[in-house]
Amino acid sequence: MEITHIEHLGIAVKSIEACLPYYEGVLGLTCYNIEVVEDQKVKTAFFQVGQTKIELLEPTSEESTIAKFIEKKGEGIHHIAFAVPSVGEALEEAASKGVQLIDKAPRKGAEGLDIAFLHPKSTCSVLTELCMKGKREE
Ligand code: ZN
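Each position in the sequence shown, counted from 1, maps to that position plus 7 in my numbering.
So, in C-alpha cells, the structure goes:
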C-alpha cells in the first residue's frame, strides 16, 4: 500500500463546543471547518497540524457509531486515517491480503473525500480509515 502520511486522527467527543477552548485556546490551533456528515450521524470539526488533521467527532444521534463508542469506551481516540492516492486500489490490496473490510467500496466522508474503513479485527485493534489525500495538503 502506498501510504503518504497520517491524514487525520479521529477523536470521539461528547461536545465539540466544549473542546474548542482546549484545541484553540491552549494548543493554538484553528478550527477551519465544522460539518455534519448525515449518513454517519456525526458532527465533525477539523484542525490542521502540519500535514495531519485532528478530526473531532461528536454524535448527532444516539444511533451514531460514535455515540456507541463513547458509551462503551468513553471519549478519546477513535480511529487513525492514512492518506493513500487511491482508496479503491488500497481496499483491493487489503482485501487480497485477507484484511476484513468495513467498507467494500470507497464512500464520501467529511470534506467530500473518498474514505473506507478496515475492520479492527484485522488491524491490531485500531479502527483504520483509508482516505484520499485532501486538497489542503497539495
Ligand atoms: Zn476519519
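Virtual Cβ for every residue (Gly too), placed ideally from N, Cα, C.
So, does the segment 19–39 touch the segment 100–110, judging by three or more C-beta pairs under 8 Å?
no
Cα-Cα separation, A123 to K21
24 Å
Can you list, in chain order, the stretches of the beta strand (DSSP E) that have 3 or more residues and sit fully within the segment 72–97?
83–91
With distance defined between alpha-carbon atoms, name the residue in T59, I13, P66 nearest to Q47.
P66
Please indicate yes or no: does the CB of A88 lie closer than 7 Å to some heavy atom of ligand 1?
yes
Those residues which DSSP pairs with T59 across a bridge
V56
Got a sec, what are the start and stop residues for the alpha helix (DSSP H) P25 sits in?
It should be pointed out that residue 25 corresponds to Ala in this sequence rather than to Pro. Per DSSP, A25 belongs to the alpha helix (DSSP H) from 23–27.
Span of the beta strand (DSSP E) around T43
For the sequence presented, residue 43 should be read as Val rather than Thr. Counting along the chain, the beta strand (DSSP E) containing V43 begins and ends at 38–44.
Sub-8 Å separation of L120 and M139 beta-carbons
yes
L80, buried or exposed, once every other Cβ within 10 Å from all chains shown has been counted against 16:
According to the sequence as given, residue 80 is Lys; it is not Leu. When all chains shown are included, K80 counts as exposed.
Ligand 1 and H126: does the residue's C-beta get closer than 7 Å to at least one heavy atom of that ligand?
no
Give a yes or no on whether the C-beta atoms belonging to K60 and E99 are separated by under 8 Å.
no
Starting from the C-beta of I18, find all residues in its chain whose C-beta is less than 8 Å away, skip the five residues before and the five after it, and write them out in chain order.
I61, E62, L63, L64, E82, G83, I84, H85
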